[in-house]
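Asker: In this note's numbering, the protein residues as written are 4 to 162.
Structure (structure tokens):
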């Protein structure tokens, strides 16, 4: 949804009467600012997709890690590993609230709508509910991370 938040910002700028050059500037600025985290409950799907080795997947399974990923400069990076879904929800909430100003938020899942509702409920106490989007992850992302993915995308306030 990182791209989605950028697209929404560009569309809002265009709807408000911005020139094409201004819309391009908004888009470029948003591309530099959008940030997201994606948490899931197993490394098995990354192993099956050839993204990690069997040993890593086995260790993650034994320790019951919930890996958290992001993308920086076009490269997928591990951010942290959490030991429970409750910690995942806390982490994602704290990630969102760490920004001094937020324009838009996207909460994503594949098959965990109850977790989405918990996270959105918590976020709604800090942010306008109209700035929080609930969406499903794309099939491509879901294939690599599995059905229990939960993510959050943030578009901080534009300068």
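Note that the Cβ used here is the ideal one computed from N, Cα and C, for glycine as well.
Taking the beta strand (DSSP E) that residue 39 belongs to, which residues open and close that run?
Answerer: Per DSSP, residue 39 belongs to the beta strand (DSSP E) from 38–42.
Asker: Looking at residue 5 and residue 43, is the spacing between their C-beta atoms short of 8 Å?
Answerer: Contact flag unset, no.
Asker: When the Cα atoms are used, what is the spatial distance from residue 95 to residue 115?
Answerer: Answer to the nearest angstrom: the Cα atoms are 14 Å apart.
Asker: If we ignore side chains and look at the alpha-carbon of each, how far apart do residue 71 and residue 91 end up?
Answerer: For residue 71 and residue 91, the distance between alpha carbons rounds to 8 Å.
Asker: How many angstroms separate the CA atom of residue 14 from the CA atom of residue 137?
Answerer: Answer to the nearest angstrom: the Cα atoms are 18 Å apart.
Asker: Using three-state DSSP, classify residue 160 as helix, strand or coil.
Answerer: Here residue 160 sits in coil by DSSP.
Asker: For the beta strand (DSSP E) containing residue 70, name the first residue and the last one.
Answerer: Here the beta strand (DSSP E) through residue 70 covers 69–75.
Asker: Compute the beta-carbon to beta-carbon distance between residue 69 and residue 84, rounded to the nearest angstrom, for a pair I have assumed lies under 8 Å.
Answerer: Confirmed, Cβ separation roughly 7 Å.
Asker: Using the three-state DSSP reduction, which class does residue 20 fall into: helix, strand or coil?
Answerer: Note: residue 20 maps to coil in three-state DSSP.
Asker: Need the endpoints of the alpha helix (DSSP H) that residue 90 sits in, please.
Answerer: From DSSP, the alpha helix (DSSP H) with residue 90 extends over 88–100.
Asker: I need the straight-line Cα distance from residue 134 to residue 7, nearest angstrom please.
Answerer: One C-alpha to the other measures close to 13 Å.
Asker: Indicate whether the contact test is met: 3 or more Cβ pairs, each with one atom in the region 107–123 and one in the region 148–158, closer than 8 Å.
Answerer: Flag = yes, the region 107–123 and the region 148–158 touch.
Asker: In terms of DSSP beta bridges, what is residue 105 paired with?
Answerer: In the DSSP output, where bridge partners are listed per residue, residue 105 has 159.
Asker: Got a sec, what are the start and stop residues for the alpha helix (DSSP H) residue 115 sits in?
Answerer: Unbroken run through residue 115: none, as it is neither H nor E.
Asker: Can you tell me the Cβ-Cβ gap for residue 123 and residue 160, rounded? I've got them flagged as a contact below 8 Å.
Answerer: Residue 123 to residue 160, Cβ: 20 Å. No contact.
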